[in-house]
Amino acid sequence: MIYNNVRHECNLYNFFFAPRGNRRMMELGRVIAQMYLNPFDKIIGIIGAKDSGKSMLIQGMFPGIQVVEGDDEFDFINMPLMNADEVGFYTPRTFHVDVRAASQFFSLEKIAEAVRKVVEQNKRVIVEYFDMLYPVLKRNADLMIGIGEEVIVTRPSLFGPLPQNISNIVYKSLKYRKMAHSAEDLYEYVVRNMERPDYVRSDIRHGFVIDYMQKPVNFDLESIERKIQALIEKDLPITYYDEEHIKIGDEIIHCTGPKMHVESTGQIENFSLVKEFFHDAKFGFYMVAGTVGHKEKEESGRLNTIDIQEEE
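My numbering applies: residue 86 is where the sequence shown begins, and numbers increase by one.
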């Protein structure tokens with residue numbers, strides 16, 4: 086029996102929330118590798134905009150992988166993928182290429198040729214911006230992952246989905262993830278000096294959730310929302326400060342994903358804080374939820390509704 090020809094076709098799309106913290110994104114990468122990565126997968130296609138968390142996901146899926154990115158010509162000219170024939174036996178078994186960055190120094194045709202060669206050598210290639218390379222490579226990925234507001238995992242067949250199908254979804258949805266993360270940090274900024282129980286962060290579609298171990302007794306959610314709205318109206322710049330902090334205006338605040346933000350508070354559209362604490366009877370949390378991108382009557386059973394049809 087030929088076991089390496091077994092194909093997994095029971096799932097068309099698998100959706101995960103795209104975490105807004107770097108550590109959480111790496112942890113999700115580990116989970117995806119355990120659940121979906123096949124030892125015989127040769128091309129792993131990664132699709133997503135700049136700063137969407139692709140590198141963190143890859144590091145979680147493939148700990149220790151040598152990632153070549155940036156704009157250093159020396160690094161790209163000498164990266165293992167483009168020199169696999171010269172090094173021979175001592176080349177890696179898994180390669181990485183950031184097509185968007187590498188295309189500054191190589192044609193797409195040359196990158197595609199290098200990918201074909203290492204695949205023919207029975208080695209694996211992780212291709213960031215796979216949607217850019219696919220029209221030239223003319224071969225779909227064995228496992229394809231798109232990162233926008235959600236992380237989409239799919240194992241394409243001859244009939245799709247094609248990389249463009251995934252990119253149409255994730256590039257459009259990323260803005261909601263950036264708005265939600267920025268709004269979450271504004272919430273944290275507003276309540277930073279208020280007494281509150283221990284908490285963890287979680288996710289909803291087009292928004293954020295803070296899970297408190299006990300119910301906060303001194304939180305006026307309407308007042309908190311007004312303060313956040315005032316910061317949004319000021320249109321304060323949101324900028325990267327370091328790997329654990331951002332600046333909102335002149336204020337430096339802690340952040341778990343400092344590159345995942347809109348450029349200013351004024352770009353957060355239709356922010357709303359749900360005016361009640363949701364109680365999770367299963368885990369005992371008291372949850373505060375904030376939403377972006379739409380104004381509607383929020384109900385706990387409707388916050389995670391999803392339409393997987395591509396928007397025109």
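We put the beta carbon where it would ideally sit given N, CA and C, even for glycine.
Given the structure is predicted, the values throughout are model-derived calculations rather than measurements.
- Uninterrupted beta strand (DSSP E) stretches at least 3 residues long and entirely within the segment 141-211 occur at 179-183, given in chain order.
- Three or more beta-carbon pairs drawn from the segment 123-133 and the segment 209-218 are found closer than 8 Å, and the two stretches are therefore classed as touching.
- Between the alpha carbons of Val-203 and Pro-148 lies a distance of about 20 Å.
- As the crow flies, the alpha-carbon of Pro-301 is around 52 Å from that of Ser-188.
- A straight-line Cα-Cα distance of about 45 Å links Gly-334 and Leu-222.
- Using a Cβ distance threshold of 7 Å, Ile-313 and Val-275 count as a contacting pair.
- Annotation: Leu-122 to Leu-306 spans about 43 Å, alpha carbon to alpha carbon.
- Going by DSSP, Leu-228 is part of the beta strand (DSSP E) stretching over 228-232.
- Here Glu-348 is exposed: its Cβ has fewer than 16 other Cβ atoms, across all protein chains shown, within 10 Å.
- Just measuring C-alpha positions, the residue of Ala-118, Glu-234, Val-359 and Pro-343 sitting nearest Leu-259 is Glu-234.
- Note on geometry: alpha-carbon atoms of Pro-343 and Gln-249 lie some 28 Å from one another.
- Under DSSP, Ile-333 takes part in a beta bridge, and its partners are Ile-323 and Glu-336.
- Met-167 is not a Cβ neighbour of Val-153, given a cutoff of 7 Å.
- Non-local beta-carbon contacts of Tyr-219 in its own chain, meaning distances under 6 Å to residues more than five positions away in sequence, involve Pro-248 in chain order.
- If you ignore the 5 residues before and after Asp-327, its C-beta comes within less than 8 Å of the C-beta of Pro-343, all in its own chain and listed in chain order.
- Counted as a single uninterrupted DSSP element, the beta strand (DSSP E) harbouring Glu-235 occupies residues 235-239.
- Annotation: the continuous alpha helix (DSSP H) that includes Ile-309 extends over 306-318.
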